[in-house]
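With the working numbering applied, the sequence shown closes on residue 1274, and no number is skipped along the way.
Notes for the one structure printed next.
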Amino acid sequence: MHLLSFLTGIILSNTAFVAAGEFTLHSNDLSDQLTKTQEFSGSGCNGLNISPELYWDNVPKGTKSFAVTLYDIDARAGKGWWHWVVFDIPTSVSSLPTDFGNITKPHMINAIQSINNSGKTGYHGACPPEGDKPHRYVFSVYALNVDHLDLDKNTVPDIVGHMINIHTIKKATIVSYYGR
């Protein structure tokens, strides 16, 4: 009986240790469903186009910078659509405020917001085709093993995504749905 108690204690303490140390993305602005706040304004959509507040914790050892993306995995017949690409976020930063994706507003965070699949920099909110099934919008933060990706704001999102994947130590995500 003592051996079973001992082993159970080890398993429970190891499980708690792993859970406590997991790189995690959070948001006070997001839930399972996006809202008009995060919906795009244009192309038939009439949302506010405001990027959500995001914050992360339990940063993996060796992290030298972060990247944040928003990707609609259901767009373009499953080929996907990059709605937001931010990189070269310093390790001193552990959150992006609400509306950080609005590049017309001044921000205190020195990071690059590159072009999305609409060809513009900054946040491009959800705008799935009317009547389509709700799309899955994946917000991700990546802990990277380099200080800078050596790319600029005009780099196409597929190239940025490739470079992010090459340098990812860990990734954390939040998935929200949206349909019209």
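In this text, a Cβ means the ideal position worked out from N, Cα and C, and glycines have one as well.
Predicted model, so just to flag it, every value in this text is computed and none were measured.
Cβ separation of residue i and residue j, assumed to be a contact under 8 Å, to the nearest whole Å
i: Y1217; j: N1143; result: 7 Å
i: Y1231; j: S1270; result: 5 Å
i: V1179; j: V1240; result: With 8 Å as the limit, V1179 and V1240 do not qualify as a contact, their Cβ atoms being about 16 Å apart.
i: S1159; j: I1183; result: 6 Å
i: L1124; j: I1260; result: That belief does not hold up - the Cβ atoms of L1124 and I1260 are roughly 27 Å apart, past 8 Å.
i: T1215; j: I1197; result: 5 Å
Close beta carbons around residue i, own chain, < 8 Å, minus the five adjacent residues each side
i: I1258; result: A1161, T1163, F1181, Y1236, L1238 and L1243
i: D1246; result: I1206 and S1208
Spatial distance of residue i from residue j (CA atoms)
i: W1176; j: S1212; result: 8 Å
i: S1137; j: N1248; result: 22 Å
i: G1195; j: G1219; result: 10 Å
i: G1141; j: Y1272; result: 12 Å
i: N1122; j: L1148; result: 8 Å
i: C1139; j: H1229; result: 14 Å
i: F1134; j: C1221; result: 6 Å
i: D1252; j: K1173; result: 11 Å
i: T1129; j: T1192; result: 14 Å
Buried versus exposed, by CB contacts within 10 Å (16 or more), residue i
i: A1171; result: exposed
i: Q1127; result: exposed
i: P1223; result: exposed
i: G1225; result: exposed
i: G1103; result: Interpretation of G1103 is limited by its pLDDT of 39, a score under 50 that renders its predicted location unreliable; no figure is taken from the coordinates.
i: N1210; result: buried
i: D1166; result: buried
i: D1168; result: buried
i: P1200; result: exposed
i: S1234; result: buried
Same chain, Cβ closer than 7 Å to residue i, five either side skipped, listed in chain order
i: T1118; result: W1150, D1151, N1152 and A1266
i: I1263; result: P1154, G1156, T1157, A1237, L1238 and N1239
The ligand HEM heavy atom lying under 7 Å from the CB of residue i
i: S1188; result: Although the ligand HEM was asked about, the structure shown includes no ligands whatsoever.
Where the alpha helix (DSSP H) containing residue i begins and where it ends
i: R1274; result: R1274 -> no alpha helix (DSSP H), and no H or E assigned at all.
i: H1256; result: P1251 to I1260
Cutoff 6 Å; reference residue i; Cβ partners in own chain excluding five residues on either side
i: T1131; result: L1142 and I1144
i: G1115; result: N1152
Segment limits, beta strand (DSSP E) that includes residue i
i: A1161; result: S1159 to D1166
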